[in-house]
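K.L.:
When you line the sequence shown up against the UniProt record's numbering, it's residues 1 to 111, in that order. Don't be surprised by glycine CBs; every beta carbon is placed ideally from N, CA and C. Once you've had a glance at the structure underneath, I'll fire off some questions.
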Amino acid sequence: MDEETLERVRSVVASIPPGRVLGYGDVAELAGLRSPRLVGRMLAEDGADLPWYRVLRSDGTTAGHLRQRQLELLRTEGVLADNGRVDMRRHRWDAHPTSTPGESLGEQAHE
């Protein structure tokens, strides 16, 4: 991943406010990437100083090996999970609340 792409991903993750979450796909779209897997890889390699725990799978579940720590950190921000799953409809961050109908996250991020 080139430095510019890495910084876009880092910027999106850093901007997720406490008490809110995004899916890997949301972060990828906002950063202009095609694959959410790149977001996961970047966070694993270079995300220790970011609120990485605010990034979840699209179904609201956590990375298996980080489940306990991730849910603990989210709980301190008021994000509760039911059977290990966060309600994405309730806690998902609307990065651009002024979007127009049909406009994607990625289109808004690159305006």
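#1: Just mark E29 as buried or exposed, buried being the case when its beta carbon has 16 or more other beta carbons within 10 Å.
#2: For the alpha helix (DSSP H) holding A31, just list the boundary residues, first then last.
#3: Taking all protein chains shown into account, decide if T62 is buried (16 or more other Cβ within 10 angstroms of its Cβ) or exposed.
#4: Could you spell out the range, first to last residue, of the alpha helix (DSSP H) harbouring H96?
#5: Just list the residues that DSSP pairs T5 with in beta bridges.
#6: Given this structure, state the Cα-to-Cα distance separating M1 from Q70, to the nearest angstrom.
#7: Rank P17, V13, D49, D59 by C-alpha distance to the C-alpha of residue 112 and give the top, closest one.
#8: How long is the line joining the alpha carbons of L66 and S35, rounded to whole angstroms?
#9: Could you have a look at T62 and say whether DSSP puts it in helix, strand or coil?
P.N.:
According to the structure shown:
#1: buried
#2: 24 to 31
#3: buried
#4: Neither: H96 is in no alpha helix (DSSP H) and is coded neither H nor E.
#5: Beta-bridge partners of T5 (DSSP): none assigned.
#6: So the two alpha carbons sit approximately 25 Å from each other.
#7: This structure cannot settle anything about residue 112, because the visible part of the chain is limited to 1 through 111.
#8: Those two C-alpha atoms are separated by around 21 Å.
#9: Look at T62 here: in three-state DSSP terms it is coil, with no helix or strand label.
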